[in-house]
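The listed protein sequences derive, respectively, from chains A and B. Letter by letter, the first sequence follows residues 1 to 230 in full-length UniProt numbering. Letter by letter, the second sequence follows residues 1 to 230 in full-length UniProt numbering. Beneath this line is the structure, given in structure tokens, with notes to follow.
There are 2 protein chains.
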Amino acid sequence: MAAVTVYGPPLSTAVSRVLACLFEKEVSFQLAAVDMAKGQHKAPDFLKLQVGFSFGSAFRGIRLEQTPSDGSTYSAESRAISRYICDKYADQGYKALFGNSILERARIDQWLEAESQNFNPPSSVLVFQLAFAPRMGLKQDPEAIKENVGKLAKVVDVYERRLEESRFLAGDEFSLADLTHLPNGQFLANAAESAHLFTTGTNVARWWGEISSRPSWKKVIEVQLAPVSS
Amino acid sequence: MAAVTVYGPPLSTAVSRVLACLFEKEVSFQLAAVDMAKGQHKAPDFLKLQVGFSFGSAFRGIRLEQTPSDGSTYSAESRAISRYICDKYADQGYKALFGNSILERARIDQWLEAESQNFNPPSSVLVFQLAFAPRMGLKQDPEAIKENVGKLAKVVDVYERRLEESRFLAGDEFSLADLTHLPNGQFLANAAESAHLFTTGTNVARWWGEISSRPSWKKVIEVQLAPVSS
């Protein structure tokens with residue numbers, strides 16, 4: 001049995017962030033299906049696993065099941081889980097994912113915060129509007145799309161300048177700070193209304209091309225496209 | 001000379017977050033004044049220290065100056081700096097601030113994300129509207145205040161349920177996950193329009209009373225109230 005169990009659909013941006021991290025660290029895992037249409041993610045047993053971390057209506061159903069030596073523990077926030085995976089499996093897979101020193105880690109943490117505070121809010125709205133609303137048969141909100149494309153463009157401008165002087169966000173090596181952008185970025189780089197954000201700036205285009213072609217991320221997309229077994 | 005230099009005004013919520021952390025870890029530091037009225041925080045030399053981390057118009061002028069053995073490094077994001085201080089000074093001061101194991105750290109990281117993603121956005125708007133706008137002679141926006149009090153109330157509701165089962169956010173020990181709420185919380189617990197958010201819920205009221213009376217936080221307030229030397 002794999003050491004790690006991830007609960008939730010791989011199309012979820014939070015779940016796919018964790019999967020990319022597991023592939024980078026070469027950690028074996030199993031996916032446990034959660035039937036959101038049946039409300040399983042709101043079942044008491046499942047909510048308990050989220051240890052009180054239940055903000056908004058967004059799906060936050062990731063659980064990391066530990067090996068017996070660790071005891072049972074849970075986490076529902078994908079960036080916290082990603083950091084944990086890097087610590088737990090420090091000596092395997094791509095070792096520089098969370099840096100090789102506490103100084104490198106501080107730089108990575110800074111750009112992880114850039115993603116969660118600046119990139120994620122507008123890009124999450126856009127992922128919902130441009131990718132999920134059509135699949136769910138919900139009406140799109142053109143005003144929200146326009147407003148958040150504008151907000152995201154400002155964030156991408158900061159990245160464009162940063163990536164002028166640095167190959168990746170936190171320095172010369174690919175890190176968790178880059179990886180964390182892949183889940184939302186994937187949907188938006190493929191949507192007509194937002195694709196230009198990933199191609200207009202020379203540096204962002206180079207960076208996006210490089211990080212989105214990591215073998216780990218290609219494996220995540222394979223998992224997302226695989227037929228669901230039950 | 002103190003090992004750490006913090007650039008920026010102690011009334012800044014980002015700066016005071018870092019100061020609380022330094023006091024908890026018993027790290028000596030010096031404050032370097034930055035004259036925002038003269039635009040020093042936008043001077044090229046200062047922006048360079050922010051290593052490209054320049055989102056929005058918010059002041060992000062913290063620099064952590066390392067001891068020579070570390071070389072020079074900078075960070076402009078207060079949560080990344082706080083994590084770094086905990087790693088760098090792991091063996092001194094309050095040792096449990098960032099947990100005693102990678103599992104504890106994962107739980108703390110989860111609630112640090114709760115603060116930066118959920119608590120911080122509405123509370124930052126309120127800090128500006130309720131505390132800084134009046135000091136700066138700017139007009140308040142009643143709609144923005146009402147909207148963000150509503151948003152913050154929903155976050156506080158999640159905390160109220162979490163703190164029913166746990167003394168602090170990440171578990172039974174005070175941690176960085178609690179500390180990170182102090183800067184914005186201090187302004188809002190003292191503003192007529194938002195004070196109720198910190199007193200209505202029994203568990204939040206208990207938690208807020210406990211964390212805001214930490215000796216480290218009282219020292220931060222002393223620094224904030226001290227006359228500025230030049």
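By construction, the Cβ of each residue, glycine as well, lies at the ideal position given by its N, Cα and C atoms. A quick note: this is a predicted structure, and the numbers were derived from the prediction, not measured.
{"Check": "Return helix, strand or coil for residue 231 (chain B), following the three-state DSSP convention.", "Outcome": "The structure shown does not extend to residue 231 (chain B), since chain B is modelled only from 1 to 230, so the question has no answer here."}
{"Check": "Would you check if the distance between the CB atom of VAL156 (chain B) and the CB atom of GLU193 (chain B) is smaller than 9 Å?", "Outcome": "no"}
{"Check": "Using a Cβ-Cβ cut-off of 9 Å, state whether ILE81 (chain A) counts as contacting chain B.", "Outcome": "yes"}
{"Check": "Among B:ASP109, B:LYS146 and B:CYS21, which residue has its Cα nearest to the Cα of VAL127 (chain B)?", "Outcome": "B:LYS146"}
{"Check": "My guess is that THR180 (chain A) and LEU112 (chain A) are in contact by the Cβ rule of under 8 Å, so how many angstroms apart are they, rounded?", "Outcome": "6 Å"}
{"Check": "Just checking: is the beta-carbon of ASP91 (chain A) within a distance shorter than 9 Å of some beta-carbon in chain D?", "Outcome": "Among the protein chains in the structure shown, which are A and B, there is no chain D."}
{"Check": "Assuming LEU169 (chain B) and ARG161 (chain B) form a contact by the criterion Cβ under 8 Å, report the distance between their Cβ atoms to the nearest whole angstrom.", "Outcome": "Between ARG161 (chain B) and LEU169 (chain B) the Cβ distance is about 12 Å, and since that is not below 8 Å, they are no contact."}
{"Check": "Measure from the C-beta of LEU103 (chain A) to each C-beta in chain B and report whether the shortest distance is under 9 Å.", "Outcome": "yes"}
{"Check": "For SER123 (chain A), which residues in chain B fall below 9 Å Cβ to Cβ?", "Outcome": "Chain B residues near SER123 (chain A): none, gap ~13 Å exceeds 9 Å."}
{"Check": "For GLU165 (chain A), which of A:ASP178, A:GLY137, A:LEU182 and A:ASN203 has the nearest alpha-carbon?", "Outcome": "A:ASN203"}
{"Check": "Say whether chain A places a C-beta atom closer than 9 Å to the C-beta of TYR7 (chain B).", "Outcome": "no"}
{"Check": "Whole angstroms are fine: how far does the CA of ARG167 (chain B) sit from the CA of ALA96 (chain B)?", "Outcome": "15 Å"}
{"Check": "Mind checking if GLY87 (chain A) is an interface residue toward chain B, Cβ cutoff 9 Å exclusive?", "Outcome": "Checking the displayed sequence, the identity of residue 87 (chain A) turns out to be Asp instead of Gly. So, interface residue."}
{"Check": "Can you list, in chain order, the residues of the region 106-117 of chain A whose Cβ is nearer than 9 Å to any Cβ on chain B?", "Outcome": "ALA106, ARG107, ILE108, ASP109, GLN110, TRP111, LEU112, GLU113, ALA114, SER116 and GLN117"}
{"Check": "Three or more C-beta pairs closer than 8 Å, one from the region 117-126 of chain B and one from the region 83-93 of chain A: is that the case here?", "Outcome": "no"}
{"Check": "Three-state secondary structure (DSSP) at ARG60 (chain B)?", "Outcome": "Residue placement at ARG60 (chain B) cannot be trusted, given a pLDDT of 46 that sits under 50; the coordinates are not used to answer."}
{"Check": "Check whether the region 198-215 of chain A and the region 182-201 of chain B are in contact - that is, three or more C-beta pairs closer than 8 Å.", "Outcome": "no"}
{"Check": "Cβ closer than 9 Å: which chain B residues qualify as neighbours of ALA143 (chain A)?", "Outcome": "In the sequence as displayed, the identity of residue 143 (chain A) is Glu instead of Ala. Those within 9 Å of GLU143 (chain A) in chain B number zero; the least Cβ separation is about 17 Å."}
{"Check": "Do ALA32 (chain B) and THR5 (chain B) come within 9 Å of each other at the CB atom, strictly closer than that value?", "Outcome": "yes"}
{"Check": "Consider the Cβ of GLY61 (chain B): report whether some Cβ of chain A lies at a distance smaller than 9 Å.", "Outcome": "Since pLDDT at GLY61 (chain B) reaches only 46, below the 50 mark, its modelled position is unreliable, and the value read off the structure follows with that caveat. GLY61 (chain B) does not count as touching chain A."}
{"Check": "Of all the CB atoms in chain A, is at least one closer than 9 Å to the CB of ASN184 (chain B)?", "Outcome": "no"}
{"Check": "For GLN66 (chain B), would you say it is in contact with chain A, using Cβ-to-Cβ distances shorter than 9 Å as the test?", "Outcome": "Reliability of the predicted coordinates at GLN66 (chain B) is poor, the pLDDT of 47 falling under 50, and no value is obtained from them."}
{"Check": "Are there 16 or more other CB atoms within 10 angstroms of the CB of LYS25 (chain A), so buried, or fewer, so exposed?", "Outcome": "buried"}
{"Check": "Which runs of the alpha helix (DSSP H), 4 residues or longer, sit entirely within the UniProt domain \"GST C-terminal\" (101-230) of chain B?", "Outcome": "102-114, 120-127, 142-165, 176-179, 182-189, 202-212 and 215-225"}
{"Check": "The alpha helix (DSSP H) that contains LEU11 (chain B), what's its start and end?", "Outcome": "Taken as a continuous stretch (DSSP letters only), LEU11 (chain B) belongs to no alpha helix (DSSP H), as it is neither H nor E."}
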